[in-house]
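Trainee: Numbering of the sequence shown is given in the working numbering, commencing with residue 1 and proceeding in unit increments. Structure provided below as structure tokens; questions to follow.
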Amino acid sequence: MTIVVTGATGHLGRLAVESLLARGVAPATIVAGGRSVEKLADLAERGVRTARIDYTDAASLTAAFDGADAVLLVSGSEVGQRVEQHRNAIDAAVAAGVGRIVYTSAPKATTSPLVLAPEHKATEDLLQASGLPVTILRNGWYTENYVGTVTDAGPSGVIAASVGDGRVSSASRADYAEAAAVVLTTDGHEGVVYELSGDVAWSFAELAEAASEVLGTPVTFRSLSPEEHLAALAAAGLDEGTAGFVVALDGNIRDGLLAETSGDLARLIGRPTTPLVDGLRTAIV
Numbered sequence: 001m002t003i004v005v006t007g008a009t010g011h012l013g014r015l016a017v018e019s020l021l022a023r024g025v026a027p028a029t030i031v032a033g034g035r036s037v038e039k040l041a042d043l044a045e046r047g048v049r050t051a052r053i054d055y056t057d058a059a060s061l062t063a064a065f066d067g068a069d070a071v072l073l074v075s076g077s078e079v080g081q082r083v084e085q086h087r088n089a090i091d092a093a094v095a096a097g098v099g100r101i102v103y104t105s106a107p108k109a110t111t112s113p114l115v116l117a118p119e120h121k122a123t124e125d126l127l128q129a130s131g132l133p134v135t136i137l138r139n140g141w142y143t144e145n146y147v148g149t150v151t152d153a154g155p156s157g158v159i160a161a162s163v164g165d166g167r168v169s170s171a172s173r174a175d176y177a178e179a180a181a182v183v184l185t186t187d188g189h190e191g192v193v194y195e196l197s198g199d200v201a202w203s204f205a206e207l208a209e210a211a212s213e214v215l216g217t218p219v220t221f222r223s224l225s226p227e228e229h230l231a232a233l234a235a236a237g238l239d240e241g242t243a244g245f246v247v248a249l250d251g252n253i254r255d256g257l258l259a260e261t262s263g264d265l266a267r268l269i270g271r272p273t274t275p276l277v278d279g280l281r282t283a284i285v
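The following block contains the structure:
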């Protein structure tokens, strides 16, 4: 069985390769792909096959997918370009006769007003139309998304956001990567959509408490209105589009869109998800 992991030069893809190896998958049956093959040299030294995979280069996709039994399609990182990039990957998978695709999507992508959902919904639609066996991993928020927030709070002692009382059920990237490895190496997942999230939905006051513990210095949460938040981000030098995007995400959190704790992630990996403070400590230290 040959498993191709796209985006292996990124955090999630790399961790997925590591999880496959930890599960006893033979290195020679794994193809780790990314734009810069040089960044995968250490995996190649361990026997993992490597390939150049660029979502904008159809030839690279077709070559990498040739003979693949399964492909982990890690969603692209370029917001606004994902649909066409993912279309290229799906078309290449069809052309190469890939056995099945596992795709990393977003929470409730087909129905959610989450600002990031539309591109994932479009990709899920393309996958369903492809005729290939598909498993959808709707990954919730990564704890690592807040590493910058926490480290910035060290000097200021404040985490400021316009999330109100909203909660986030985050888990570590390693948790999500392990779930992908489970789905890629076990049966019974074709046609299934998993809503993946951490076991605990935490508030930003609890994020500040976790930051205090990890940093060893007091951190408090300051609740801002969306208008105050937008002004603060602009004052910090963010352009209008980026600042608006950040405030929109906080609005999604305020509306409870990232608070679901389905339990799917813990069930797939066979253990509790990584607690917030542990995930932060690992990522920061």
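All C-beta atoms, glycine included, are put in the ideal place defined by N, C-alpha and C.
Pairs of beta-carbons, one from the segment 183 to 190 and one from the segment 222 to 238, closer than 8 Å: are there three or more?
Mentor: no
Trainee: Using CA coordinates, which residue listed in 16, 45, 77, 15 is at the minimum distance from residue 35?
Mentor: Residue numbering aside, residue 35 sits at position 35 when the sequence shown is read from its first letter. Sorting 16, 45, 77, 15 by C-alpha distance to the C-alpha of residue 35 places 77 at the top.
Trainee: Taking 6 Å as the limit between beta carbons, can you name the residues of its chain near residue 173, skipping five residues before and five after?
Mentor: Translated into the one-based positions of the sequence shown, residue 173 becomes position 173. Excluding sequence neighbours, residue 173 sits near 11, 12, 15, 142, 144.
Trainee: With a threshold of 6 Å on Cβ separation, who are the neighbours of residue 83 within its own chain once the five nearest residues in sequence on each side are excluded?
Mentor: Locating residue 83 in the sequence shown gives position 83, where the first residue counts as 1. Cβ neighbours of residue 83 beyond the five flanking positions: 119, 122.
Trainee: Per DSSP, residue 30 is paired with what?
Mentor: In the sequence shown, the residue the question calls residue 30 occupies position 30. According to DSSP, residue 30 bridges with 3.
Trainee: Taking Cβ to Cβ, would you say residue 20 is nearer than 7 Å to residue 181?
Mentor: Counted from its first residue, the sequence shown places residue 20 at position 20. Counted from its first residue, the sequence shown places residue 181 at position 181. Taking 7 Å as the Cβ cut-off, residue 20 and residue 181 qualify as a contacting pair.
Trainee: Taking DSSP as the reference, what is the three-state secondary structure of residue 60?
Mentor: In the sequence shown, the residue the question calls residue 60 occupies position 60. Of the three classes helix, strand and coil, the one that applies to residue 60 here is helix, per DSSP.
Trainee: Counting C-beta neighbours from all protein chains within 10 Å, is the total for residue 217 16 or more, i.e. buried, or is it exposed?
Mentor: Locating residue 217 in the sequence shown gives position 217, where the first residue counts as 1. Residue 217 should be labelled exposed.
Trainee: May I ask you to report which of helix, strand or coil DSSP gives residue 51?
Mentor: Looking up residue 51 in the sequence shown gives position 51. Correct three-state label for residue 51: strand.
Trainee: Restricting to runs no shorter than 4 residues, where is the alpha helix (DSSP H) found entirely within the segment 152 to 222?
Mentor: 173 to 185, 204 to 215
Trainee: Just verifying my parser: in three-state terms, what is the DSSP assignment at residue 105?
Mentor: Position 105 of the sequence shown, counted from the first residue, corresponds to residue 105. Note: residue 105 maps to strand in three-state DSSP.
Trainee: Indicate whether residue 68 and residue 4 have their beta-carbon atoms separated by less than 7 Å.
Mentor: Position 68 of the sequence shown, counting from 1, holds the residue named residue 68. Position 4 of the sequence shown, counting from 1, holds the residue named residue 4. If you check the CB distance, residue 68 and residue 4 come in under 7 Å.
Trainee: When the distance is taken between beta carbons, is residue 253 closer than 7 Å to residue 140?
Mentor: Residue numbering aside, residue 140 sits at position 140 when the sequence shown is read from its first letter. Residue numbering aside, residue 253 sits at position 253 when the sequence shown is read from its first letter. Cβ atoms of residue 140 and residue 253: not closer than 7 Å.
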